[in-house]
Structure formats: structure tokens, C-alpha cells
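To convert a position in the sequence shown, counted from 1, into the working numbering, add 86.
Virtual Cβ for every residue (Gly too), placed ideally from N, Cα, C.
Written out below as C-alpha cells is the structure these notes cover.
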Amino acid sequence: MGITVNGIDIDDALIEQELPHHQQAANPLKQSVHEVVLRTVLLQEAERLAVPGEDDDARIEALLAREVKVPQANHEACLTYYGKHPRQFTRGELVEARHILFQVTPSVPLELVRETAEAVLAALKAEPGRFGELAAQYSNCSSGALGGSLGQLARGACVPEFDEVLFRLGAGELAGKLVETRFGLHIVEVVRRIEGVLLPFDAVRAQIADYLTTAAWQRGVHQYLQILVGRAQIEGIVLEGSQSPLVQ
Numbered sequence: 087m088g089i090t091v092n093g094i095d096i097d098d099a100l101i102e103q104e105l106p107h108h109q110q111a112a113n114p115l116k117q118s119v120h121e122v123v124l125r126t127v128l129l130q131e132a133e134r135l136a137v138p139g140e141d142d143d144a145r146i147e148a149l150l151a152r153e154v155k156v157p158q159a160n161h162e163a164c165l166t167y168y169g170k171h172p173r174q175f176t177r178g179e180l181v182e183a184r185h186i187l188f189q190v191t192p193s194v195p196l197e198l199v200r201e202t203a204e205a206v207l208a209a210l211k212a213e214p215g216r217f218g219e220l221a222a223q224y225s226n227c228s229s230g231a232l233g234g235s236l237g238q239l240a241r242g243a244c245v246p247e248f249d250e251v252l253f254r255l256g257a258g259e260l261a262g263k264l265v266e267t268r269f270g271l272h273i274v275e276v277v278r279r280i281e282g283v284l285l286p287f288d289a290v291r292a293q294i295a296d297y298l299t300t301a302a303w304q305r306g307v308h309q310y311l312q313i314l315v316g317r318a319q320i321e322g323i324v325l326e327g328s329q330s331p332l333v334q
């Protein structure tokens, strides 16, 4: 059975046209079908409400602008967000760090790599002064020749999971657990920290207001899509929620 939205068949050609836009998705075909169905629901609603537009994209934009209303973020909301996320508005923060990388490869079982890494981590907890020696012996990173040194790093310079650990550790602190990234398993130590400067609230207030207003609008659109999908007669597919790149 084909896919229909309120009795209207979804043309396979529309899905084929949409497919190239979702090649990075886990399931490009599924995401494309999902997107086409949502667009159809929105365009049918625009037709029902006689919302004008030069093309389909313009009609959808006009529909959302008309039907989804969110308040602008006020001073109190911005100040609360600023107080809860100081790191986001801190500039000049640096850490001097070192690591030992245990690279995961198809030829070596992950559990064997993990076992070795855990043993080295245990040895460092017992004798922290051996970091350089063990980095030179075990690290699969070129930094091993430098005792594992990565030099000074700014926030955001590394992959997120590594970055998060780096800027959580204090000076001279060794991460108590292995850090897993797409590169493998890491033993991480922060040698020194250079604290950054928190930007004043007035300098970032407009940025925070834009972020909070945009986030509220996206939540509003998501809720609106849920309402439209909930009352539409959709056959041939079950939509898992109504989140869509249309509204991001």
C-alpha cells in the first residue's frame, strides 16, 4: 500500500527529489519520506487556511509565522540562562594537557585494548610520575614521543567528549576513567589551567535573547506539527514524532 495524507497519494517522485538532502541521516529513505509527509501536511493546512506564497517553501514559512507565536525572551530569562551557563560566555580559557591514546583497530579486539588501557591507568594512579614513560611506551599518538603532551588547548579545539573532560579537570588532575572518542581510548591529565574571563552580561544579552527565542520558536513549531499530524489521516507510514529539518 502506498502512503496517503488525508486521502492524497504521496508521489514517489517527491521522495526521490528529497532523498539527496538526507544522505547523512541514519536512514536516508525513511527521513526523506518523513520530510515529504510533513511538508504535505503543512501545505494542506496552508491550503485550508488560504495562506498565500510564491512557492511551497514560502507558503510553509508564512503558515508557521501566522500560527506559531512565541514571546521574546525577557531580561529575567536571559539573566537566568547567563547565570546557569557561565562557561558558554567565558573567553580565553586554556588547559595544558597530555594524554595516552589506545587506538581501536579492526585487527585488535576492543576488550583487549580496554584491558591494556585500564591497566596503564591503574599504574598511573599508583605512580603519577610515570606518565611520560608510559605515554612513550603505549600511546598510538605522535604526542607519545613528547610524553603525551598536547600543549595548550582552547575550549572547542578537541572532539566534544574529550573537550568536556579536559575542562572539567583541575590542574594536575588525572581523569579517573578512560575517555572514549572516535579515535580510541584515552588516559587524560591536565597539567595546568589558565582561567578565562567571563564576558559581562550586557555584552551577550542580545545573543542569549536570540538563542532563547529561537529555541522557543522551534519548540512551538514542533508542538504545532504534532497537532497537525495528530489530526491528519496518514496511511502507509507511522511518523515517529514530528521533528523535522523543516523547522531547524
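Proximity to residue i [Cα-Cα], best of the options
i	options	result
residue 307	122, 154, 125, 114	154
residue 176	163, 304, 287, 223	287
residue 118	138, 256, 97, 135	97
residue 240	253, 213, 188	253
residue 225	249, 193, 184, 247	184
residue 132	145, 120, 140	145
residue 246	90, 137, 105, 267	267
residue 234	223, 243, 244	223
residue 89	116, 106, 231, 110	116
residue 276	304, 255, 292	255
Residue i (DSSP reduced to helix, strand or coil)
i	result
residue 135	coil
residue 229	helix
residue 264	coil
residue 240	strand
residue 146	helix
residue 278	strand
residue 294	helix
residue 104	helix
residue 140	coil
residue 254	coil
Same chain only: Cβ atoms within 8 Å of residue i, ignoring 5 sequence neighbours per side
i	result
residue 142	125, 129
residue 251	261, 265, 274
residue 243	249
According to DSSP, residues forming a beta bridge with residue i
i	result
residue 189	270
residue 284	176
residue 235	184
residue 94	91
residue 247	Bridge partners of residue 247: none, in fact.
residue 321	90
residue 259	276
Other residues of its chain near residue i: CB distance less than 6 Å, five sequence neighbours each side excluded
i	result
residue 100	122
residue 279	181, 257
residue 331	Summary for residue 331: the model assigns pLDDT 45, below 50, so the residue's position carries little reliability; its value from the coordinates is reported in the next sentence. Result list for residue 331: empty, nothing under 6 Å.
residue 295	159, 164
residue 38	Outside the shown range of the chain, which is 87 to 334, sits residue 38, and nothing can be said about it.
Beta-carbon contacts of residue i that lie in its chain and below 7 Å, excluding the five residues immediately before and after
i	result
residue 210	216, 217, 220, 260, 273
residue 281	179
residue 187	225, 226, 227, 269, 270, 272
residue 207	264, 273
residue 172	284
Residue range of the alpha helix (DSSP H) that includes residue i
i	result
residue 212	196-212
residue 112	Neither: residue 112 is in no alpha helix (DSSP H) and is coded neither H nor E.
residue 217	217-224
residue 163	161-170
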